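Let me begin by presenting the structure, written as structure tokens, before commenting on it.
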Amino acid sequence: MATDLYAELEQAIPAVREEFETLLHDLVEIPTVSMDPAHAADIQRGAQTAAAILQACGATVEIVETPGNPVLFGQLLVDPAYPTVAIYNHLDVQPANEPQWQQSPFVFHRDGERYLGRGTTDDKGPALTALLAARFAVQHGIPLNIQFIWELEEEIGSPHFAHFVQQRRQALTCNSVVISDTVWLSRTTPAVPYGLRGMMALLLRLETGSKDCHSGLTGGAARNPLGELSALIAHCYDARTGRVHIPGFYDAVRPLSDAELESFLASGFSLPDFMEAHGLHTLRTHDVRHVVQAIWSQPTFEVHGMSGGYQGPGVKTIVPHAAEAKISMRLVPDQDPERLFTVVREFIRQCNPDVEVQREGFLRPYLGDFSGFYGAAVREAVRFGFGKTPSFIREGGSIGAVVTLDEMLHVPIVFLGLSLPEHGYHAPNENFDWGQASGGMRAFVKYFDTLASTRV
Ligand SMILES: [Zn+2]
């Protein structure tokens, strides 16, 4: 039976290519930008179209409303006696206003093996890959139930995802979850993350007057909010090393185990590739040991932007009356954003009591396990799908829904991502490719087969 299954899979994959491309075309051409309220109608249209796609694949589907954007909940339920796996993807996308787009970002474009357009790799292509693999698995008698969770607010930090899980807690009968929304280290180095950093974003504001004033008439006596915010930031961290000076900031950081560090170093992470992929000319450290820890297992303090005063050409000699700094911290296990916010706010108050601190997004960090049954199943699936053994790493980014699923469902969560660095996550000319889609279908079917055929 197993040989027949995989022989049939090899025939089925090329046979669904056209269908995959049509479905990806249909999803990509709906600009489901969750960050921009102007796209609210597109979000609704995206949900309707995706629901129709799930239904056409044999799933029952519900569009679950939340106070924000809806979440699609699809189910291929075969037999309650079978194990159930839930697959998480998101169908909202980043804005696509970068001037470097060579084609219109919301017009699907096929270029040989590549599929171009916003959302192709993050995360519409992986969602459809998993769906077509799931349909194959169920049609070919793999004894498994499969649920689909397709979110439409991932790119804004999943603010209402917990609302969805609460509402459908009874129906979410899955014994495990697969997240398909992560990036490999390179085309030849598949990566399976088992941890994600969390985040705490803040706006710092300081106002010292009602209008900008002449630096010859007032300079020396007037306070300068841009200068004071700069000084405050310099108190918070050493920009050259990245070391955060806020007392207590590192208290909850869980030390990296030797096994994890070894796994990081054996992952195939390449410093030149990393610098090239992100356009970095120079780094804080060129020691690979430090770099992998800095991006995967250490917290950060980052300044994203400062505004205030004069931003035009030349120098206009004013003393600004107000300034704003946009700050965020990536957090690692077991840093808790709520607790840390109090610590950071208190430190800022001591440094400069006039600075107003406004909370923006908060996400808790996540750490899973890569040594158990599910980790082994993913390793085997990736090896089968792509002919390469994946590296287990932590990922520096954040996926809000993962923490919610972990806290509310208490089931194992694994990551089976299909995106490559050159696919351009959140970047202009985003693309996905048939190699990752076809290998991904193979990997997903293998993963489903392992879950179904092995009792944990
Ligand atoms: Zn994503």
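Here numbering that gives the first Met the number 0 is used: the first residue of the sequence shown is 0, the next is one more, and so on.
Where a beta carbon is used, it is the ideal one built from N, C-alpha and C, also for glycine.
Here the structure is a predicted model, which is why all the values come from computation and not from measurement.
Is residue 329 near residue 196, with beta carbons less than 8 Å apart?
-> Mapped onto the sequence shown, residue 329 falls at position 330. Mapped onto the sequence shown, residue 196 falls at position 197. Yes. Within cutoff.
From 252, 253, 232, 254, pick the residue whose C-alpha is nearest to that of residue 244; which is it?
-> Locating residue 244 in the sequence shown gives position 245, counting from the first residue. The shortest C-alpha separation from residue 244 is found at 232.
So residue 437 and residue 145 are in contact, right, with Cβ under 8 Å, and what is the actual spacing, rounded?
-> On the sequence shown, residue 437 is found 438 positions in, with the first residue counted as 1. On the sequence shown, residue 145 is found 146 positions in, with the first residue counted as 1. So it is not a contact: roughly 19 Å between Cβ atoms.
Sequence-distant residues of the same chain with beta carbon closer than 8 Å to residue 45, five excluded per side = Counted from its first residue, the sequence shown places residue 45 at position 46. Residues 26, 29, 31, 90, 91, 151 of the same chain have their beta carbon placed closer than 8 Å to that of residue 45, with the five preceding and five following residues left out of the count.
Specify, as a first and last residue, the run of the alpha helix (DSSP H) that residue 50 falls within.
-> Here the question's residue 50 lines up with position 51 in the sequence shown. Residue 50 -> alpha helix (DSSP H) spans 39 to 55.
Outcome for residue 394 when other beta-carbon atoms lying within 10 angstroms are tallied against a minimum of 16 = By 1-based counting over the sequence shown, the position of residue 394 is 395. The Cβ neighbour count for residue 394, taken over all protein chains shown within 10 Å, is at least 16; the residue is labelled buried.
May I have all residues whose beta carbon comes closer than 6 Å to any heavy atom of ligand 1, sorted in chain order?
-> Per the CB criterion, closer than 6 Å to any heavy atom of ligand 1, the qualifying residues run in chain order as 89, 121, 122, 153, 180.
Counting pairs of beta carbons, one from the region 121 to 141 and one from the region 385 to 392, are three or more of them closer than 8 Å?
-> Contact check between the region 121 to 141 and the region 385 to 392: fewer than three CB pairs, one atom from each, fall below 8 Å, which does not count as touching.
Looking only at its own chain, which residues have a Cβ that is under 7 Å from the Cβ of residue 271, when we skip the five neighbours before and after it?
-> Walking along the sequence shown from the start, residue 271 turns up at place 272. Cβ neighbours of residue 271 beyond the five flanking positions: none.
Segment contact flag, the region 407 to 427 with the region 348 to 355, C-beta cutoff 8 Å, min 3 pairs | Segments in contact, no.
Environment of residue 101 [buried if 16+ CB atoms lie within 10 Å] | Residue numbering aside, residue 101 sits at position 102 when the sequence shown is read from its first letter. Label assigned to residue 101: exposed.
Can you tell me whether DSSP reads residue 59 as helix, strand or coil?
-> Indexing the sequence shown from 1 puts residue 59 at position 60. Strand, per DSSP.
Given that a residue counts as buried once 16 or more other Cβ atoms are within 10 Å of its Cβ, and exposed if not, what is residue 199?
-> Taking the first residue of the sequence shown as position 1, residue 199 is located at position 200. When all chains shown are included, residue 199 counts as buried.
Are there three or more Cβ pairs, one per stretch, closer than 8 Å when the region 98 to 116 is compared with the region 182 to 194?
-> No, the region 98 to 116 does not touch the region 182 to 194.
Residue 197, enclosing beta strand (DSSP E) - first and last residue | As a working note, residue 197 is residue 198 in the sequence shown. It spans 197 to 206 - the beta strand (DSSP E) in which residue 197 sits, taken as one unbroken run.
Does the beta-carbon of residue 314 have 16 or more other beta-carbons within 10 angstroms, so that it is buried, or is it exposed?
-> Start at 1 with the first residue of the sequence shown, and residue 314 comes out as number 315. Around the beta carbon of residue 314, fewer than 16 other beta carbons sit within 10 angstroms, so the residue counts as exposed.
Could you check what DSSP says for residue 336 in three-state terms: helix, strand or coil?
-> Position 337 of the sequence shown, counted from the start, is the residue given in the question as residue 336. In the structure shown, the three-state DSSP call for residue 336 is helix.
In terms of alpha-carbon separation, which member of 273, 237, 443, 108 lies closest to residue 419?
-> Residue 419 sits at position 420 when you count from the first residue of the sequence shown. Put simply, of 273, 237, 443, 108 the residue whose alpha carbon is nearest the alpha carbon of residue 419 is 273.
State the Cα-Cα distance for the pair residue 338 and residue 24, rounded to the nearest angstrom.
-> As a position in the sequence shown, residue 338 is number 339, starting the count at 1. As a position in the sequence shown, residue 24 is number 25, starting the count at 1. Looking at the two C-alpha atoms, the distance is approximately 44 Å.
Spatially closest choice to residue 125 from 447, 435, 453, 446, by CA coordinates | For the purposes of this step, residue 125 is identified with residue 126 of the sequence shown, where counting begins at 1. Minimum Cα distance to residue 125 is reached at 435.
Contact between the region 364 to 380 and the region 442 to 454: three or more CB pairs below 8 Å?
-> A contact exists between the region 364 to 380 and the region 442 to 454.
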